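Protein chains: 2
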Amino acid sequence: MPVAAKISDSVGKSSWIRKMFEEGLRLKAQFGEENVFDFSLGNPDLSPPVEFTDTLKALIEKNERGAHGYMPNAGFDGVREAIAARVSKEQGVDLQGKHVITSCGAAGALNVIFKTILNPGDEVIVPRPYFVEYGTYIDNHRGLIVLADTNPDFSLNIGNIRAALNERTRAVLINSPNNPTGRVYSEDDIKALGALVKEHMESTGRIIYLVSDEPYREIVYDGIRVSSILKHCTQAIVVTSYSKTLSVAGERIGYIAVHPECVEADVLLSGLILSTRILGFVNAPALMQRAVARLTGVSVNVNIYKKRRDLLMEGLKFAGYDFVKPEGAFYIFCKSPIPDDVAFVAHLQKFNVLTVPGSGFGGAGYFRIAYCVSENVIQRAVPKFKEALEALRS
Amino acid sequence: MPVAAKISDSVGKSSWIRKMFEEGLRLKAQFGEENVFDFSLGNPDLSPPVEFTDTLKALIEKNERGAHGYMPNAGFDGVREAIAARVSKEQGVDLQGKHVITSCGAAGALNVIFKTILNPGDEVIVPRPYFVEYGTYIDNHRGLIVLADTNPDFSLNIGNIRAALNERTRAVLINSPNNPTGRVYSEDDIKALGALVKEHMESTGRIIYLVSDEPYREIVYDGIRVSSILKHCTQAIVVTSYSKTLSVAGERIGYIAVHPECVEADVLLSGLILSTRILGFVNAPALMQRAVARLTGVSVNVNIYKKRRDLLMEGLKFAGYDFVKPEGAFYIFCKSPIPDDVAFVAHLQKFNVLTVPGSGFGGAGYFRIAYCVSENVIQRAVPKFKEALEALRS
Chain H
118 MPVAAKISDS
128 VGKSSWIRKM
138 FEEGLRLKAQ
148 FGEENVFDFS
158 LGNPDLSPPV
168 EFTDTLKALI
178 EKNERGAHGY
188 MPNAGFDGVR
198 EAIAARVSKE
208 QGVDLQGKHV
218 ITSCGAAGAL
228 NVIFKTILNP
238 GDEVIVPRPY
248 FVEYGTYIDN
258 HRGLIVLADT
268 NPDFSLNIGN
278 IRAALNERTR
288 AVLINSPNNP
298 TGRVYSEDDI
308 KALGALVKEH
318 MESTGRIIYL
328 VSDEPYREIV
338 YDGIRVSSIL
348 KHCTQAIVVT
358 SYSKTLSVAG
368 ERIGYIAVHP
378 ECVEADVLLS
388 GLILSTRILG
398 FVNAPALMQR
408 AVARLTGVSV
418 NVNIYKKRRD
428 LLMEGLKFAG
438 YDFVKPEGAF
448 YIFCKSPIPD
458 DVAFVAHLQK
468 FNVLTVPGSG
478 FGGAGYFRIA
488 YCVSENVIQR
498 AVPKFKEALE
508 ALRS
Chain V
118 MPVAAKISDS
128 VGKSSWIRKM
138 FEEGLRLKAQ
148 FGEENVFDFS
158 LGNPDLSPPV
168 EFTDTLKALI
178 EKNERGAHGY
188 MPNAGFDGVR
198 EAIAARVSKE
208 QGVDLQGKHV
218 ITSCGAAGAL
228 NVIFKTILNP
238 GDEVIVPRPY
248 FVEYGTYIDN
258 HRGLIVLADT
268 NPDFSLNIGN
278 IRAALNERTR
288 AVLINSPNNP
298 TGRVYSEDDI
308 KALGALVKEH
318 MESTGRIIYL
328 VSDEPYREIV
338 YDGIRVSSIL
348 KHCTQAIVVT
358 SYSKTLSVAG
368 ERIGYIAVHP
378 ECVEADVLLS
388 GLILSTRILG
398 FVNAPALMQR
408 AVARLTGVSV
418 NVNIYKKRRD
428 LLMEGLKFAG
438 YDFVKPEGAF
448 YIFCKSPIPD
458 DVAFVAHLQK
468 FNVLTVPGSG
478 FGGAGYFRIA
488 YCVSENVIQR
498 AVPKFKEALE
508 ALRS
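Heads up: the sequence lines are chains H and V, in that order. Read in order, the letters of the first sequence are residues 118 to 511 in this note's numbering. Read in order, the letters of the second sequence are residues 118 to 511 in this note's numbering.
As structure tokens, this is what we get:
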């Protein structure tokens, strides 16, 4: 076999999201871009803020010596300090530069974390539905994913997480605002989760972590605030990327922030730096590090996403679909009108509407609509959603 | 324990190269940059060519829609095609865009390859001395490194590689021009290696690969040419980065090129793309992809490195050191005047001269001098090298 057995298995299964993304490229080539309604990938369509482009220009103009060269694996010192200041303000807990490690996006960061903390067979609890790549990131480093169902409205079910904890648990991984559901976990639930982690460590004497993947933190609506994880859990590790906030998903830039009071934080940080190096990331891309350090507080215009969400919600209601109102991110996790969500997504595809089956997120019976597309696409897609539903009933 | 047992072990050992690099930063802060002679890290000190900066400026000015967003995990189609054209010319074998996958540098590329091809316990043969991170890259994906000594002049010893081949072999990994020795493997040896791979596949019925890590391909002296791997082995996978050629080591941009006639090349390529995604690289940084695609044939001025090499060789000879003349890269792998190379490197450090022990490359009894420093540093360091040697004898 030309590839490892495990890879051979996975290539066949591939990612639903990526499969639909690539199907979209194909359909667009066939029918013309304007005739395909592609809600498959969370690929921000908004251009990066003008401050991003201006900053890149300024940095290149400046052309500092060593600006594109190696730096310590954790990143440029100044960049780490700037990010630490940002996180301190955002989370309400004081961090220094040494508590921050720049990363190749959140996906790189999560691999670095799991490489660092997981012994073979260690378990990571993830609320379901969930971003399904988490399973591969954990498996890469010989850990096991353990799913804990959320409530019907996709809020955290603390009882289910408690029930999943055991002697092999190494981490709980949450994602809020959530992909695929758009749910933002409440402060009370985060508090309860922090207490649960503490209680479990005390009762087992084992070190566990609360890993919080927060790339959508700034994409929230209706005055919702994303609770601080660091304030409620000293064993918390925050992971994020600038992919969504700055619309730069292809640039692979993010960071890991470790709670300063984490048990043996220095050992954990050394491990994370080592893993950054040996997994082959070496360091986060240099130019992008220096750019994001200067862009604290800058983000795309979230109101644009809000308008789209509202437009899409209205359209879906009008068309007769059932869903929970998303509070953040740019996804609606919609109930499939027929039990088989994969079949329904295939059905939608006949109307040139691309979405992703909920099964791709451990959420069978649902499908995900990513609304990082123009209002015009949403407006023109609504009749298609309606037709698709009517076609089922006729 | 806050980190996995394996990570805990490795943090203590850490990388010699990185240790010396960070020691260098400390000494420079203490004694002033001009009083520390840092030959520890292969961090190109030359500025990137002006074409690189100009290209970045032009790309940012152009500000194309989606330029910073997600693209297929293998990279932008146009970039892959441009690289394929470059590799075809360089290697004398025709590749298409689909045979190229952009990567986060060569370190990222190697992790992607090993993740893709290694089953647990599979062996990878590496000529010694070698870039020691190879061991961790292989271990990350549950493979085993098997070392095959080179000849005393650091040329390939085909007999040793043949002896190391067995039923568990999955790949032979070579690096030419070599880090740490500066050796460029001869065309005859590459041919013999290609024949060996073919013969082993025929006799065992197992698929194996010749992986060639070539980041220093364009940094060669005295009219030396680096032999084509693809021409001599259909099972070859070429890996490289632009770190050295363009002096952009911090930007993490490189690629993987697969021989079109590789057994089941399509399956291998799908596996490599999958691994790129699930290891968390997702894709090589977008802006840098588009930049390097436009910079075919552009490189730093290699004559500058040649002058330094000549100056350093002359100085070391004058000071009384023994070494094999390097043909490429920017390292001299010098014989340690005392058997214990670690002790000798520590001794040199007292003279504010930073090098890396050969033990850090599986080459005990040697030490590596990275001459990507200015001629002035070399000139002022020569007396220090001399003093250090004399101090040993007094």
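In this text, a Cβ means the ideal position worked out from N, Cα and C, and glycines have one as well. Computed from a prediction, not measured in an experiment: that's the story for all the values here.
Residue i CB to nearest chain H CB: under 7 Å?
{"i": "residue 224 of chain V", "result": "yes"}
{"i": "residue 351 of chain V", "result": "no"}
{"i": "residue 387 of chain V", "result": "yes"}
{"i": "residue 216 of chain V", "result": "no"}
{"i": "residue 127 of chain V", "result": "yes"}
{"i": "residue 464 of chain V", "result": "no"}
{"i": "residue 268 of chain V", "result": "no"}
{"i": "residue 332 of chain V", "result": "no"}
{"i": "residue 166 of chain V", "result": "no"}
What in chain H is Cβ-close to residue i, meaning under 9 Å?
{"i": "residue 318 of chain V", "result": "Simply none; closest approach about 11 Å."}
{"i": "residue 422 of chain V", "result": "Simply none; closest approach about 15 Å."}
{"i": "residue 297 of chain V", "result": "Neighbours of residue 297 of chain V on chain H: none; closest Cβ ~16 Å, over 9 Å."}
What span of residues does the beta strand (DSSP E) with residue i cover, start to end?
{"i": "residue 329 of chain V", "result": "326 to 330"}
{"i": "residue 265 of chain H", "result": "261 to 266"}
{"i": "residue 141 of chain V", "result": "From DSSP, residue 141 of chain V is part of no beta strand (DSSP E) but of the alpha helix (DSSP H) over 133 to 148."}
{"i": "residue 286 of chain V", "result": "286 to 292"}
{"i": "residue 485 of chain V", "result": "483 to 487"}
For residue i, return the contacting residues in chain V, with the cut-off set at a CB-CB distance below 7 Å.
{"i": "residue 236 of chain H", "result": "121, 122"}
{"i": "residue 376 of chain H", "result": "Simply none; closest approach about 12 Å."}
{"i": "residue 253 of chain H", "result": "395"}
{"i": "residue 228 of chain H", "result": "396, 397"}
Would residue i count as contacting chain V if we go by Cβ distances under 7 Å?
{"i": "residue 395 of chain H", "result": "yes"}
{"i": "residue 174 of chain H", "result": "yes"}
{"i": "residue 417 of chain H", "result": "no"}
{"i": "residue 302 of chain H", "result": "no"}
{"i": "residue 384 of chain H", "result": "yes"}
{"i": "residue 277 of chain H", "result": "no"}
{"i": "residue 324 of chain H", "result": "yes"}
What residues from chain H crowd round residue i, counting only those whose CB sits closer than 8 Å?
{"i": "residue 233 of chain V", "result": "120, 121, 124"}
{"i": "residue 170 of chain V", "result": "177, 180"}
{"i": "residue 391 of chain V", "result": "124, 127, 128, 131"}
{"i": "residue 250 of chain V", "result": "394, 395"}
Taking residue i as part of the alpha helix (DSSP H), name the residues at either end of that continuous run.
{"i": "residue 422 of chain H", "result": "419 to 436"}
{"i": "residue 362 of chain V", "result": "First-last for residue 362 of chain V: undefined, no H or E at that position."}
{"i": "residue 388 of chain H", "result": "382 to 395"}
{"i": "residue 494 of chain V", "result": "492 to 510"}
{"i": "residue 408 of chain V", "result": "403 to 410"}
{"i": "residue 153 of chain H", "result": "Careful: residue 153 of chain H lies outside any alpha helix (DSSP H) and carries neither H nor E."}
{"i": "residue 312 of chain H", "result": "304 to 321"}
{"i": "residue 371 of chain V", "result": "No alpha helix (DSSP H) contains residue 371 of chain V, which is instead part of the beta strand (DSSP E) from 371 to 375."}
{"i": "residue 279 of chain H", "result": "275 to 281"}
So, are the CB atoms of residue i and residue j less than 7 Å apart?
{"i": "residue 282 of chain V", "j": "residue 258 of chain V", "result": "no"}
{"i": "residue 325 of chain H", "j": "residue 357 of chain H", "result": "no"}
{"i": "residue 263 of chain V", "j": "residue 242 of chain V", "result": "yes"}
{"i": "residue 478 of chain V", "j": "residue 249 of chain V", "result": "yes"}
{"i": "residue 220 of chain V", "j": "residue 408 of chain V", "result": "no"}
{"i": "residue 254 of chain V", "j": "residue 228 of chain V", "result": "yes"}
{"i": "residue 380 of chain V", "j": "residue 119 of chain H", "result": "yes"}
Who are the neighbours of residue i on chain V, taking C-beta pairs under 9 Å?
{"i": "residue 381 of chain H", "result": "118, 119, 120"}
{"i": "residue 431 of chain H", "result": "Per Cβ cutoff of 9 Å: no residues; residue 431 of chain H is ~27 Å from chain V at best."}
{"i": "residue 158 of chain H", "result": "187"}
Going along chain H in order, which residues have a C-beta closer than 7 Å to the C-beta of residue i?
{"i": "residue 200 of chain V", "result": "In chain order: nothing, as chain H lies at least about 17 Å away."}
{"i": "residue 291 of chain V", "result": "Near residue 291 of chain V there are no residues of chain H at all, since even the closest Cβ is about 18 Å away, more than 7 Å."}
{"i": "residue 498 of chain V", "result": "Within chain H, no residue comes near residue 498 of chain V; the closest Cβ sits about 20 Å away, beyond 7 Å."}
{"i": "residue 403 of chain V", "result": "367, 368"}
For residue i, go through chain V and note every residue whose CB falls closer than 8 Å to its CB, in chain order.
{"i": "residue 400 of chain H", "result": "367, 369"}
{"i": "residue 188 of chain H", "result": "367"}
Secondary structure, alpha helix (DSSP H): runs of 4+ residues fully inside the segment 202 to 263 of chain V: Entirely contained in the segment 202 to 263 of chain V, the alpha helix (DSSP H) runs reaching 4 residues are, in chain order, 222 to 234, 250 to 257.
Those runs of the beta strand (DSSP E) which lie wholly inside the segment 441 to 474 of chain H and span at least 3 residues: The qualifying runs are 448 to 452.
Any beta strand (DSSP E) of 3 or more consecutive residues that is wholly inside the segment 176 to 201 of chain V: If we require 3 residues or more, the segment 176 to 201 of chain V turns out to have no beta strand (DSSP E) run fully inside it.
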